[in-house]
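Shown next, in structure tokens, is the structure this report addresses.
Laid out in structure tokens, this is it:
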């Protein structure tokens with residue numbers, strides 16, 4: 035039931051595209067690290083993010099930067115907004131992932147996710163979005179926004195702490211992630227550990 039409700043809120047095709055996690059931090063880690071391992075095999079070692087992402091994204095990117103990935107950090111303008119044109123200019127043949135948050139957790143600015151998703155889709159690049167601040171508050175349609183991976187957290191909508199979810203697209207395109215936690219095989223082998231009921 036929980037998966038179906040989450041899938042419905044973000045307009046995912048199926049409840050099976052929802053992976054239950056401990057929160058957005060873990061969801062961000064599974065999404066970015068999990069796809070980076072796949073991308074490296076394809077020679078897609080360039081990742082794009084923003085300089086004012088949540089630490090749960092920035093720290094993962096920094097770690098990948100220390101392990102053979104090239105990371106581009108887009109700088110926002112004085113109002114905290116990202117330039118879509120700058121994003122386009124930084125795309126390379128080796129770009130495999132764009133990770134941009136829906137709304138910034140400190141200044142509240144809302145990023146142009148629709149446009150970013152279109153750019154990613156047009157260039158065959160996976161798009162990850164940290165929507166911890168907007169899930170349940172702003173409309174999210176992962177299909178129309180061309181979002182392939184979406185991180186959310188329960189406590190941001192007055193749920194208990196320690197509960198979250200990760201949307202992983204299974205249809206056009208199907209996103210294949212490598213697990214970063216092993217032991218038990220829960221959540222279709224992507225996130226081992228007993229679920230918090």
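Residue numbers (my numbering): 35 to 231.
The beta carbon of each residue, even a glycine, is placed where N, CA and C say it ideally should be.
All values derive from a computational prediction rather than experimental measurement.
{"Item": "Coarse secondary structure for residue 104, derived from DSSP in three states", "Value": "strand"}
{"Item": "Option in 35, 55, 60 and 56 with minimal Cα separation from residue 48", "Value": "35"}
{"Item": "Within the segment 104-162, ranges of the beta strand (DSSP E) (whole runs, at least 3 residues)", "Value": "104-108 and 129-133"}
{"Item": "Beta-carbon proximity of residue 229 to residue 213, cut-off 7 Å", "Value": "no"}
{"Item": "Spatial distance of residue 65 from residue 211 (CA atoms)", "Value": "7 Å"}
{"Item": "Coil, strand or helix - residue 50 by DSSP", "Value": "helix"}
{"Item": "Among 219, 119, 101 and 102, the one whose alpha carbon lies nearest that of residue 108", "Value": "119"}
{"Item": "Cβ shell of residue 232 (< 8 Å), same chain only, five flanking positions each side left out", "Value": "The first residue shown for the chain is 35 and the last is 231, placing residue 232 beyond what the model contains."}
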